[in-house]
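Numbering (this note's numbering), first residue to last: 1 to 225. Glycine included, C-beta positions come from ideal geometry on N, C-alpha and C. Written below as structure tokens is the structure these notes are about.
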């Protein structure tokens with residue numbers, strides 16, 4: 001699934017906050033600190049650590065491109081520590097640290113903080129979705145005008161986007177994160193709620209997810225077919 005987690009102990013709890021555009025919309029971007037040999041381990045098993053690292057940086061740059069002009073407050077949640085000098089423009093992106101023992105707790109904490117700060121519509125994404133555009137994010141926020149929840153299903157059985165207007169604790173509990181059951185279990189939690197479903201999209205976890213996509217071919221020249 002596209003939204004990422006890291007279970008390492010929190011090393012830095014400082015927060016960089018900015019008051020940006022006057023918007024009731026908040027976009028949360030969960031990301032790993034990009035370091036070679038960490039992250040995209042299933043992809044690295046086939047393409048190698050360097051290629052997996054380069055692909056992840058490419059996906060990060062894409063995520064910046066599709067979010068930087070979005071009319072919403074934007075907060076980047078790092079997995080391990082906050083990096084001040086990175087590709088996320090400090091004038092457009094607030095920077096915070098994921099807090100919690102697993103992905104569910106970390107997402108729940110981020111959503112709750114957003115609601116405490118009086119945002120009305122909050123969406124979370126990961127940072128590794130090439131098959132995602134600014135228009136998709138705008139559609140997701142628009143769908144929350146008539147629905148309390150919006151979900152972007154991923155082909156692997158997870159989800160690449162979750163948007164909410166009210167906090168529902170069950171969404172973040174009793175899930176086997178990173179498996180094909182997450183979407184099914186999430187939709188079961190939402191069976192009595194007004195929920196919009198976006199188009200199903202493919203995230204990047206395995207070599208098979210990218211081998212036929214031209215944008216990734218520069219990173220795969222060393223792969224022998």
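Beta-carbon spacing of residue i, residue j below 8 angstroms
i	j	result
residue 123	residue 198	no
residue 205	residue 131	no
residue 223	residue 127	no
residue 150	residue 110	no
residue 140	residue 161	yes
residue 119	residue 25	yes
residue 33	residue 81	yes
residue 112	residue 167	yes
residue 59	residue 52	no
residue 177	residue 114	no
Residue i burial status per 10 Å Cβ neighbour count (16 or more: buried)
i	result
residue 55	buried
residue 219	buried
residue 203	buried
residue 106	buried
residue 65	exposed
residue 208	exposed
residue 95	buried
residue 39	buried
residue 79	buried
residue 37	exposed
Length of the line joining the Cα atoms of residue i and residue j
i	j	result
residue 22	residue 74	Note that residue 22 has pLDDT 48, beneath the 50 cutoff, so the model's placement of it is unreliable and no number is given.
residue 77	residue 31	6 angstroms
residue 61	residue 98	20 angstroms
residue 121	residue 163	7 angstroms
residue 169	residue 214	40 angstroms
residue 85	residue 57	15 angstroms
residue 216	residue 210	6 angstroms
residue 172	residue 200	21 angstroms
residue 144	residue 165	7 angstroms
residue 175	residue 46	28 angstroms
residue 89	residue 186	33 angstroms
residue 68	residue 180	31 angstroms
residue 191	residue 221	45 angstroms
residue 184	residue 125	18 angstroms
residue 133	residue 153	15 angstroms
residue 146	residue 193	12 angstroms
residue 35	residue 138	30 angstroms
residue 41	residue 50	11 angstroms
residue 72	residue 83	22 angstroms
residue 93	residue 87	10 angstroms
residue 117	residue 108	14 angstroms
residue 135	residue 148	20 angstroms
residue 129	residue 212	15 angstroms
Chain C contact for residue i (CB, 8 angstroms cutoff)
i	result
residue 166	The chain labelled as chain C is not found in the depicted structure, where only one protein chain is given.
Residues sharing a beta bridge with residue i, DSSP
i	result
residue 163	123, 150
residue 195	149
Contained alpha helix (DSSP H) runs [length at least 4] in the stretch 95-123, N- to C-terminal order: 103-116
Uninterrupted alpha helix (DSSP H) stretches inside the stretch 15-84 (no shorter than 4 residues): 41-47, 49-67
Segments of 3+ residues assigned as beta strand (DSSP E) that fall wholly inside the stretch 174-220: 195-197
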